[in-house]
Every structure is written in C-alpha cells, then in structure tokens.
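Beneath this line is the structure, given in structure tokens, with notes to follow.
Have a look at this one:
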C-alpha cells in the first residue's frame, strides 16, 4: 500500500459539511495553502485563494506527491468519524 492511499481516501471522501481548505505539503517540501480542490485522474487540482510568487492560482498535484495534509478548521467528532477516524478506547 502506498503512502498516498490514506490521503487519497481522505480527499475522495471529504465530507460535504467541511470546507475544502487547508495546507498540503509536497514530498519536495513545498507548503501550499488551498481554498478548494477538485479530484482528477490520479491527481488533485488545488485552488489558492491568492496567487503564489509566480502568479499561479491552481496546482495539479499527483496523489503520490502529497506528503501531508493539514486542516485549518477544527473538526467535530462526527466529522472525524465521517472521514474514517476514530478515537481508540483505552
């Protein structure tokens, strides 16, 4: 199982109640703040709220190049569960 499989699953089952925003980190160490995303053939199209230093507003990133996904919103327990996360019992 590749490392991107978990992140791909989170992105493809993103809850409708959760805004599509956050920060994605690439394997090259780039941090991309995004305000929306769309899914495609093995990749994600991330939209920036403001352009980067070169004027880029949208980034197409293969799932395999995503190292980390940071959420900028606090999640409710029900949203975490909907995303497939559960609190372990002692």
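In my numbering, the protein residues as written are 3 to 92. By construction, the Cβ of each residue, glycine as well, lies at the ideal position given by its N, Cα and C atoms. Predicted model, so just to flag it, every value in this text is computed and none were measured.
Query	Result
Give the range of the alpha helix (DSSP H) segment to which residue 81 is assigned.	79-84
Per DSSP, what kind of secondary structure is residue 103 in: helix, strand or coil?	As shown, the chain starts at 3 and ends at 92. That puts residue 103 outside it, with no answer to give.
By alpha-carbon positions, which one of 22, 60, 52 and 67 ends up nearest to residue 7?	67
In the DSSP output, what is residue 40 paired with across the bridge?	47
What first and last residue would you give for the beta strand (DSSP E) that runs through residue 60?	60-64
Which same chain residues, not among the five before or five after residue 24, have their C-beta less than 7 Å away from its C-beta?	36, 71, 72, 73 and 74
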